[in-house]
Amino acid sequence: MTTYGERQRRWDTYYHRICRAVASKSPCLSRQIGAILVRENVIVSTGYNGPARGYPHCVGYVETRGEPFDEPICPRKTQGYKSGEGLHLCPATHAEANCIISAARIGAAVSGSTLYMNCIIPCKDCMSLLVNAGVREVVVDDIIAYHKISLPIAESAGIKIRRFRL
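Count along the sequence shown from 1, add 27, and you get the number used in the numbering used here.
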């Protein structure tokens, strides 16, 4: 007979592999993040960090250079921004937001679901989206907050945060 911990570890391993596969679709030149929303062990939606449908990612025109370019180039890196900085230059939407948007696009309810993603605790904006969408648990690679306020937002809404058990 398998224990709860063994079953949870198997599900976590399965979902983590799927998160990594979803992340591989991300065109981001900086970080590839994948997210899946799961309810009753059924995947409701997936998302990765990337631009709006039909919009090229990190190609086209960089306002600071003032000229078009053909090669993919991260506009944040060209200006020396570190990870998490200069996001106003990035055309991408975060994986967790895209996951919620994809569910809404097909009319799938996400309230009561669990979000799995191959990164750290979501940023404050995405955490607010998760709260408002009714997500009840977030499972991440490491319990490190992207923003200081992310954890208090989750705690005030009763969202459980835990690390993958792999």
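All C-beta atoms in this analysis are idealised placements derived from N, C-alpha and C, irrespective of residue type, glycine included. Please read these numbers as outputs of a predicted model, since none were measured by experiment.
Does the beta-carbon distance from residue i to residue j come in below 9 Å?
i: VAL162; j: MET144; result: no
i: VAL158; j: ILE186; result: yes
i: PRO54; j: PRO78; result: yes
Can you tell me the Cα-Cα spacing of residue i and residue j, whole angstroms?
i: TYR173; j: ILE45; result: 22 Å
i: ASN125; j: THR73; result: 8 Å
i: GLU182; j: SER51; result: 30 Å
i: PRO83; j: GLN59; result: 16 Å
i: ALA48; j: TYR75; result: 10 Å
Based on the DSSP output, what are the partners of residue i in its beta bridges?
i: ALA119; result: PRO78
i: SER72; result: LEU64
i: ASP169; result: ILE147
i: LYS187; result: GLU164
If residue i and residue j are in contact, beta carbons under 8 Å, what's the gap, nearest whole angstrom?
i: SER57; j: LYS109; result: Not really, about 10 Å apart at Cβ, beyond 8 Å.
i: LEU178; j: ILE147; result: Their Cβ separation, rounded to whole angstroms, is 11 Å, which puts LEU178 and ILE147 out of contact at 8 Å.
Go through its chain and collect everything with a Cβ distance to residue i's Cβ below 6 Å, but skip five positions before and after it.
i: CYS153; result: HIS121, GLU123, ALA124
Grab me the residues of residue i's own chain with a C-beta within less than 7 Å of its C-beta, minus the 5 sequence neighbours each way, in chain order.
i: ALA130; result: LEU64, VAL71, SER72, VAL137
By Cβ distance, which residues of its chain are closer than 8 Å to residue i, with the 5 residues on each side in sequence left out?
i: GLY32; result: ARG192
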